[in-house]
Amino acid sequence: MQSTNEELETVNAELQKKLEQLSDANDDLNNLMFSTEIATVFLDNDMRIKRFTPKMRNFFKLIDTDIGRSVGDIVHNLINVALLEDINQVIDHLGRVEKEVQSSDGRWYLMRILPYRTVDNAIDGVVIAFPDITVQVTNELLSIEARNFAEGIIATVRESLVVLDNELRVISANESFYKTFKTEPKDTEKKLIYELGNGQWDIGKLRQLLEEILPKNTQFRDLEIVHDFPDIGQKKMLLNARRILHSGKSTETILLAIADVTSRRESD
């Protein structure tokens, strides 16, 4: 009898220890859930809500008593999101879904749906996280808008303009360049400037300007070059170039402006 009691006491002590560990783990999880800045919801295989972080209330009308309800019954303000289809896709194929989504208040999120794996590596639903990427998306849109604006200016300038990368490959050129030097984008873009027109732009003075002078300075201005082009004859050109550093990037581009002053020289 005494031996049995001792065994029961040992079992009870072990059980109490496990309960305390479980309580600590639950406290840790609750603190993590309430402190995280990422909106996250945990669903079972039937799409019923198991847990959610407070940030989920930013775009899902959730209350504490929604635990156990189907996520499909919860109203949200995400625009054009087939949430149930995406969840089913993850459950059926055990893959992941990532999409940029927008809420009706204009904020952007990266919706990421992953299988919920237990410690035994069994699938027991999904985890859906919504990191807020509003700042990144806004910056990207502003960058696109600024680039489109700059390209619009370049397209309307009468001077020939060429944009080069840091390896001196052509990123783009404006209509004036193509018209003046009788070439096309397909024969120009992504090529080294020295390769253009079967090497017509492999000009010693131009190489010196781009490879020796420009790396030591942010720009050069009104440097004169006279060159015979096989298809269009002799051209007198004034070259201006500027290195353009891009915020947050280690790369740079070069804006090369080419003013054809041949007719000016002839009239003089």
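Each residue of the sequence shown is one higher than the one before, starting from 835 at the first, in the working numbering. The C-beta atom is built at its ideal place from N, Cα and C for all residues, glycine as well.
> Is the Cβ-Cβ distance between residue 1090 and residue 1073 less than 8 angstroms?
Replying inline: yes
>> Given a cut-off of 8 angstroms on the beta-carbon distance, is the pair residue 904 and residue 882 in contact?
In response: yes
> How many angstroms separate the CA atom of residue 895 from the CA atom of residue 998?
Replying inline: 51 angstroms
>> In whole angstroms, give me the CA-to-CA distance for residue 1138 and residue 944.
In response: Residue 1138 lies beyond the stretch modelled for the chain, which goes from 835 to 1102, so this question has no answer here.
> Between the Cα of residue 964 and the Cα atoms of 981, 993, 1016 and 933, which residue gives the shortest distance?
Replying inline: 933
> What number of angstroms, rounded off, separates the C-alpha of residue 1007 from the C-alpha of residue 941?
Replying inline: 36 angstroms
>> Using the three-state DSSP reduction, which class does residue 884 fall into: helix, strand or coil?
In response: strand
> For residue 876, which residues of its own chain have a beta-carbon under 6 angstroms away from its beta-carbon, when the five flanking residues on both sides are left out?
Replying inline: 884, 885 and 961
>> Can you tell me which residues form a DSSP beta bridge with residue 874?
In response: For residue 874, the pairing in a beta bridge is given by DSSP as 963.
>> Spatial neighbours of residue 911 within its chain, please: C-beta separation below 6 angstroms, excluding the five flanking residues on both sides.
In response: 893, 937 and 938
> Of all the options 1096, 880, 954 and 1018, which has the alpha carbon lying nearest to the alpha carbon of residue 925?
Replying inline: 880
> Taking DSSP as the reference, what is the three-state secondary structure of residue 1078?
Replying inline: strand
>> Quick check on the DSSP output: what are the complete beta strand (DSSP E) runs of length 3 or more inside the segment 927 to 979, in order along the chain?
In response: 931 to 936, 942 to 951 and 957 to 964
>> In this structure, how does DSSP classify residue 997 when only helix, strand and coil are distinguished?
In response: strand
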